[in-house]
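In numbering that gives the first Met the number 0, the protein residues as written are 0 to 81. Beta carbons are placed, not taken as given, at the ideal position from N, Cα and C, and that holds for glycine. What follows is a short report on a single structure.
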Amino acid sequence: MTHRVTLIPGDGIGPEVVEAARRVVEATGVEVRWDVEEIGLRAFERTGEVLPARAVSSIRENGVGLKGPIETPEGAGIRSAN
């Protein structure tokens, strides 16, 4: 059985930490299909949204996610995606 997991690399050191965690999960032998989504600063720079609906939908659909730390853009009215 293949499990679907939303993978959110994050910002800063996040991608490195998430990649290490992903390798640990894969070392267990459990079959995982990773749905990679971006939230936080990278998503904001690309889409103008800190938490894009696509990422939220992926997490809801999969029921589980692996997320690295997220940098919050500065500015009024912007909430942290952490």
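For Val4, the enclosing beta strand (DSSP E) starts and ends at Thr1 to Ile7.
In the three-state reduction of the DSSP assignment, Gly64 falls in the strand class, which pools E and B. At the C-beta level, Ala54 and Glu36 come within 8 Å of one another. Shown here, Glu70 sits in coil according to DSSP, grouped into three states, outside any helix or strand. Take the alpha-carbon of Gly62 and the one of Thr5: they are about 8 Å apart.
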